[in-house]
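Residue numbers (the numbering used here): 20 to 161. Only one structure is covered here, and it is reproduced in the block below.
Pasting the structure below:
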């Protein structure tokens, strides 16, 4: 059994506390793809309504999502990613790429994306300073 002083403090763990559930990331995916109304998000994710409600509220509480009214009677809101929520886009792209590369099966990925340059989009992690792909072997903890 690991002692608590042996547990590595990590930003990954903190992030997963907020976005680490399937329904949360799928809701973020839908918001990135332009679905903003609850029924659209529920339909495209397959999330149970009560769970989706809880996930969207948590995202709102953490500042990743904001609700915007679109109907007064009855009161209805759309969900939009804040700048903080938008900053999850690279994470979603890399997760999709990993699934496309390793889980797509013989039929291939279910969805393909094209970049504005006209080429097929393939997500990759690169060093912001030099632009080279970031391999774990190239990283040093400081």
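Virtual Cβ for every residue (Gly too), placed ideally from N, Cα, C. Here the structure is a predicted model, which is why all the values come from computation and not from measurement.
| Asked | Found |
| --- | --- |
| Is the Cβ-Cβ distance between residue 101 and residue 83 less than 7 Å? | yes |
| Among 98, 43 and 116, which has the Cα closest to the Cα of residue 140? | 116 |
| Determine the contact status of residue 37 and residue 81, defining contact as a CB-CB distance below 7 Å. | yes |
| Around the Cβ of residue 131, are there at least 16 other Cβ atoms within 10 angstroms (buried) or fewer (exposed)? | exposed |
| If you run the structure through DSSP and keep just helix, strand and coil, what is residue 97? | strand |
| Can you say whether residue 74 is buried or exposed, counting buried as having 16 or more other CB atoms within 10 angstroms of its CB? | buried |
| Look at the Cβ atom of residue 152, then the Cβ atom of residue 142, and state whether they are nearer than 7 Å. | no |
| Do you know offhand how far residue 89's Cα is from residue 57's? | 12 Å |
| Would you give the residue range spanned by the alpha helix (DSSP H) that residue 88 belongs to? | It is not in any alpha helix (DSSP H) - residue 88 instead sits in the beta strand (DSSP E) that spans 84-90. |
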